[in-house]
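Residue numbers (this note's numbering), protein chains in the order written: chain A, 956 to 1170; chain B, 956 to 1170; chain C, 956 to 1170; chain D, 956 to 1170.
There are 4 protein chains.
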Amino acid sequence: MGDTGGVSGAESEGSVRGTDGTGHRRRGNTRKRIQDVALELFAEQGYEKTSLREIAERLDVTKAALYYHFKTKEDILVSLFEDLTRPIDELIEWAGNRPRTLDTKREVLRRYSDALSGAAPLFRFMQENQATVRELSVGETFKSRMIRMMDIIKDPDAPLPDQVRCISALFTMHAGMFVLREVEGDPEEKRKAVLEVAIDLVTQAHGSTGEDRPS
Amino acid sequence: MGDTGGVSGAESEGSVRGTDGTGHRRRGNTRKRIQDVALELFAEQGYEKTSLREIAERLDVTKAALYYHFKTKEDILVSLFEDLTRPIDELIEWAGNRPRTLDTKREVLRRYSDALSGAAPLFRFMQENQATVRELSVGETFKSRMIRMMDIIKDPDAPLPDQVRCISALFTMHAGMFVLREVEGDPEEKRKAVLEVAIDLVTQAHGSTGEDRPS
Amino acid sequence: MGDTGGVSGAESEGSVRGTDGTGHRRRGNTRKRIQDVALELFAEQGYEKTSLREIAERLDVTKAALYYHFKTKEDILVSLFEDLTRPIDELIEWAGNRPRTLDTKREVLRRYSDALSGAAPLFRFMQENQATVRELSVGETFKSRMIRMMDIIKDPDAPLPDQVRCISALFTMHAGMFVLREVEGDPEEKRKAVLEVAIDLVTQAHGSTGEDRPS
Amino acid sequence: MGDTGGVSGAESEGSVRGTDGTGHRRRGNTRKRIQDVALELFAEQGYEKTSLREIAERLDVTKAALYYHFKTKEDILVSLFEDLTRPIDELIEWAGNRPRTLDTKREVLRRYSDALSGAAPLFRFMQENQATVRELSVGETFKSRMIRMMDIIKDPDAPLPDQVRCISALFTMHAGMFVLREVEGDPEEKRKAVLEVAIDLVTQAHGSTGEDRPS
DNA sequence: AATGAATGAGGATTCATTCAT
DNA sequence: GATGAATGAATCCTCATTCAT
């Protein structure tokens, strides 16, 4: 499992022995281990195909143990979502307090790209399990986030093709994450290429409306 | 569900000749009715969440009747896929026999747009159930179709951003189908806007390589 | 399949084209073909594991066609049983009208051996599906036949070991049919060896009671 | 069912400590209770005809409870087989380390008789469900056990009739178990009669080869 | 002499969840 | 902080059988 899949950034899975900062017998990492394994399996096989039995078996605990840490299966997903999408919430908040200039939008895309690659497996999961996720609570949450993102970069009064360009910019970034796994090349370079195209799209969209032109 | 969801174009669901109110002689079309209902439910709720019981109930037949017409649940999906993706197969074949000029690519996108909107629910389904579909036989088939499409419009030696533009063009068309349901506007106009953006993307990708320039 | 499996001795399965003796377009062999295939599958896989679908598929007819010829699945088995065990009925009748001398018993065993190898697959089936067959009508019939056979060769007042010898003689002949498939050697020779042992057993049983001694 | 059917010798079925009449706390022994009931039903009705529903109902638990204790239906049978055929494995091992004299063979038969009657219902089951068992994993296991037993008492270079005698000895013991239920008499006496006949058969087989003669 | 379409009953199996310990 | 044992509801699927044509 890659580190990007880790739920709490820095230390994940690996460091099992040792202290958790307080100097005590480190326990309490089970919750995170559950999240890690769940995310990995959800992303790999989908939400429905991943059973709690499977998660428990991988962790070598019983299903009942999962229920000590999470109220339901859905709750595991919710917790992942909350932990991992905070950067995006912050981005949305940050953008809310700024004028909707082209430069802002470009900066938004740059930051979004970072946020996305910091939680790639989760976003891949959301993308590949839309039908399932739609009837889960995170579905609503995710959708409203996306709508907020669109509000930020898309002008509802612009000509339709320009609106499409903005939507496309966002989706290109999402799709980029897993479609480009099929393409050769250094991941970081690919990310930059995707970002470049997304920025281009938004720039073009802006250009035709003629608000503030890029160089 | 619009008529585009119907499996064999013209008459769908509605026209049930024979005694329908009295007994239940609705001869011969049961197979198609199953496909129609299945597609509708698969697209709406996802593949896993749609049970054969539900399909059967909607049609007012028993589950066993479904098994008379299809060998397995997956088989229903396969049959839908085969029936509905024929136009895309033909498109791929057509494009295979042509030089890969910009004009060809644009024509491919135009035809692809038609093909897509002729089987919108199925494509929406494939998009929203990728995790599930990946381990189904249609998953492989679909993936190989997509790769063929990419071979047609994408130059593997072009700079990365241009390759991304091409991929983005394709995904914009896919995503356009269901994301734009959130946007106001006439469906046909939206389709045209999406197509315009996709063609633009491919054109730009082509331009920077400098093969054959558009006007 | 094999000729011993054929329901009516001489011509089975193979001769499809041609006339059925009257000079007409041979029809009416379907019933027999069903019996042949059913016996083959019953013997190979067991009664429960053999579905009517499978039988029908092998014959390239529909399940419904089977119901034209036989009232139920069980009925197919019953018909096989009736057709194939006639020789044994006749043997029992023949033996019923004779004194129970050692010579009679030996002759019974000889004839029994013939009868058995004339319907080997059916007997193999009966042996290997006793649990199933027990609750079928043929179960009762078969059991009563066996009891009659025992009455013929076994003396209820003989010492227990001698009674066992007689039972063993019969079972040796049954088991001989399929256990010896594991042993190398010419089938006809094996049959003779089995018969020899069976006769020996009955002879010994008789000897100790001292009725009429063999040479 | 007799105690010989019990899976773990001593206390079976009956002794259910805990509140049995009131609630349903009959802790810990559920696994064994499942085995007991399954064996009883398998032997009585056959493997296929015995549904997990039936087993569960008899135990007054849900089907799902069975799946807590056993992975599949087949697994229940496998567990019975493993638990109950250990004595025979030991016998085979014991015999493997000894010269193949007549005395050894006789001792083998004696011990085999004991082993058989210690797991009579299972052996009856194996005998009566051969067709079914053949495609189950225990089928292979059982067959290889039988072949090992034959290796021990049968000389592959002896004349065919003598080989048949040895096979017959083994089958007589198997068949003896359930065919003799039809014959009057004390079970223990019947067992001894069967053993005597089996030993006789092996002795005769040995005698004609002339290795080491009995008294 | 046979088919096409369907049914009702039941099969094994899996799942998320609960709760006393 | 976790387990062992169990449940209830649902899943896909298979089967023997029927009947109008």
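Ideal Cβ placement from N, Cα and C applies to all residues, glycine included. Everything numeric in this text was worked out from a predicted model, so none of it was measured.
When the Cα of residue i is compared with those of the options, which residue comes out closest?
i	options	result
E1139/C	E1029/D, F1036/D, V1119/D	V1119/D
Q1082/D	I1043/C, V1134/C, K1060/C, E1048/C	V1134/C
P1116/D	V1149/C, R988/C, E1095/C, I1047/C	V1149/C
D1030/D	D1106/D, R986/D, M1132/D	R986/D
F997/D	E1144/D, G1073/D, F1080/D	F1080/D
K1004/A	V1088/B, V1093/B, P1042/B, P1054/B	V1088/B
R1055/A	M1105/A, M1128/A, A1074/A	M1105/A
K1109/A	D1141/A, F1097/A, I989/A, G1162/A	G1162/A
A934/A	E1048/A, N984/A, E1009/A	Nothing can be reported for residue 934/A, as the shown portion of chain A is limited to 956 through 1170.
How many angstroms separate the CA atom of residue i from the CA atom of residue j?
i	j	result
R1100/D	C1121/D	15 Å
D1155/B	L1039/B	27 Å
K1147/B	L1007/D	59 Å
I1102/B	V1157/A	27 Å
V1172/A	L1032/A	No answer is possible for residue 1172/A: it lies beyond the span of chain A, which begins at 956 and ends at 1170.
L1057/D	I1107/D	11 Å
S1034/C	R1065/C	26 Å
R1136/C	A1074/C	16 Å
E1143/B	M1132/B	11 Å
P1042/B	E1095/B	18 Å
D1044/C	E1090/C	21 Å
A1050/D	F1097/C	38 Å
L1046/A	P1111/A	21 Å
I989/B	N984/A	49 Å
A1011/B	K1145/B	35 Å
M1128/B	D1141/B	16 Å
E1048/B	Y1002/B	29 Å
D975/A	L1014/A	Low local confidence applies: a pLDDT of 44 at D975/A is under 50, so the model's placement there is unreliable, with the coordinate-based value given in what follows. Near 19 Å, if we compare the C-alpha coordinates of L1014/A and D975/A.
Am I right that residue i and residue j are in contact with their C-beta atoms under 8 Å? What's the rounded C-beta distance?
i	j	result
F1126/D	L1077/D	In fact, because the Cβ distance is near 17 Å, the residues do not count as touching under 8 Å.
A1113/B	A1160/B	6 Å
A1086/D	Q1000/C	7 Å
S1175/C	V1152/D	For chain C, the structure presents residues 956 to 1170; residue 1175/C sits outside this window and is missing.
Given a threshold of 16 other Cβ atoms within 10 Å of its Cβ, counted over all protein chains shown, does residue i qualify as buried or as exposed?
i	result
T1017/A	exposed
L1071/C	buried
D991/C	buried
N1084/B	buried
S1068/B	buried
R980/B	Residue placement at R980/B is poorly supported in this model, since its pLDDT is 43, which falls under 50; the coordinates still yield a value, given next. With fewer than 16 Cβ atoms within 10 Å of its Cβ, R980/B is classed as exposed.
K1028/A	buried
K1060/B	buried
E995/C	buried
Y1023/D	exposed
K1026/A	exposed
R1053/B	exposed
T977/A	Its pLDDT being 44, under 50, T977/A is placed unreliably in this model, and the value from its coordinates should be taken loosely. T977/A is exposed by the Cβ-count criterion.
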